[in-house]
Structures are given as structure tokens and as C-alpha cells.
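Worksheet: the structure to be examined is printed underneath.
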Ligand code: SF4
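Numbering (our numbering), first residue to last: 11 to 153.
Here you go:
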């Protein structure tokens, strides 16, 4: 399969703090599938490093209150364009991220509290019937 994947899971240092979140099973995934790395926050025009942000209602905000909703939406739309243009079959996304998070994300209070919701990119992809996997589900994609 061709899989869109959060670039930080492959070791790219694209996270808000300039670090990566390399996934130990990523190499095995790359042997069995074609991977298309994307970082929606960078695609949306945000710098690295950048202030952490969380979804709060309809907006995405930093702890200082800056509204970065437009950048998050733009990144999600760019990721969807790449998914469709390259004929991907599914997406593997970093869990708990305000962009890539699948199933649960932080609740907008910057207190480390999780809530049941998708990140902006994960939500847009799911709205377009993309099968979305969190990184804890990678084993399901390995034979
Ligand atoms: Fe990783 Fe997604 Fe955050 Fe980029 S936006 S650093 S790919 S979780």
C-alpha cells in the first residue's frame, strides 16, 4: 500500500520543539509499504521550532493565545491534496497531535488533559473517507 505518514514518525525533526518522534516500527513499515512523509504544521507555513498549540473549540491556539487555526487548516488541506494526488491508500499519523492526532488529543487547556477528538489533519482526512491509523496501530499494517 501507499501510506501517507507523519514525518516525525520517520525521524524528521519537524515537531514543535524541533525534535522527532521516531517510531521503532517505521523501518519495517517502509519495507512493506511505500511511505509518503508529510508534516501538516510545516506544510501550513509554521516554523520549526514553534510554540506548542492545541485545539480549543473551532480554533487552534498557542498557550499565549495566538490563533494559528489558518495554518493548521492549510496544512491539513495540503496533506489531503498530496494524499489524493499520489493515490495513497491510508494514513498513519502521530497520536495526540493537534494536527495528526487520531482519536484523542489535548483539550485546549495546556494541562496535559486528553479529550476524544481528532487533530485538524486527521479529521479532514477522515471526512474524505481516508482510513486513518495512529502509530500504536502500525502492527495492523505489518504482515
Ligand atoms: Fe509530526 Fe504531524 Fe506534528 Fe508534523 S504536524 S510534527 S508530522 S505530529
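We treat Cβ as the ideally placed atom computed from N, Cα and C, and that holds for glycine.
(request) Count the CB pairs spanning the segment 19-36 and the segment 44-61 that are closer than 8 Å, and state whether there are at least three. (result) Contact between the segment 19-36 and the segment 44-61 is present, because at least three Cβ pairs lie under 8 Å.
(message) Between residue 19 and ligand 1, is there a pair consisting of the residue's CB and a ligand heavy atom that are separated by less than 8 Å?
(response) Residue 19 has its CB nearer than 8 Å to a heavy atom of ligand 1.
(request) Would you mind reading off the limits of the beta strand (DSSP E) that contains residue 114? (result) For residue 114, the enclosing beta strand (DSSP E) begins and ends at 114-116.
(request) Whole angstroms is fine: what's the gap from residue 141's alpha carbon to residue 128's? (result) Approximately 13 Å between the Cα atoms of the pair.
(message) I'd like to confirm the pairing. Which residues does DSSP put opposite residue 121 in its beta bridges?
(response) Looking at the DSSP assignment, residue 121 forms no beta bridge with any residue, so it has no partner.
(message) Closer than 8 Å to a non-hydrogen atom of ligand 1 - does that hold for the CB of residue 131?
(response) Yes.
(message) Suppose you measure from the CA of residue 95 to the CA of residue 53; what does that come to, to the nearest Å?
(response) Each residue's alpha carbon lies about 16 Å from the other.
(request) Say yes only if the C-beta of residue 127 is nearer than 8 Å to one or more non-hydrogen atoms of ligand 1, and no if none qualify. (result) Distance from the C-beta of residue 127 to the nearest heavy atom of ligand 1 is not below 8 Å.
(request) Give a yes or no on whether the C-beta atoms belonging to residue 109 and residue 86 are separated by under 9 Å. (result) Pairing residue 109 with residue 86 gives a Cβ-Cβ distance under 9 Å.
(message) Only counting the same chain, and skipping five residues up and downstream in sequence, which positions put a Cβ closer than 6 Å to that of residue 93?
(response) Around residue 93: 14.
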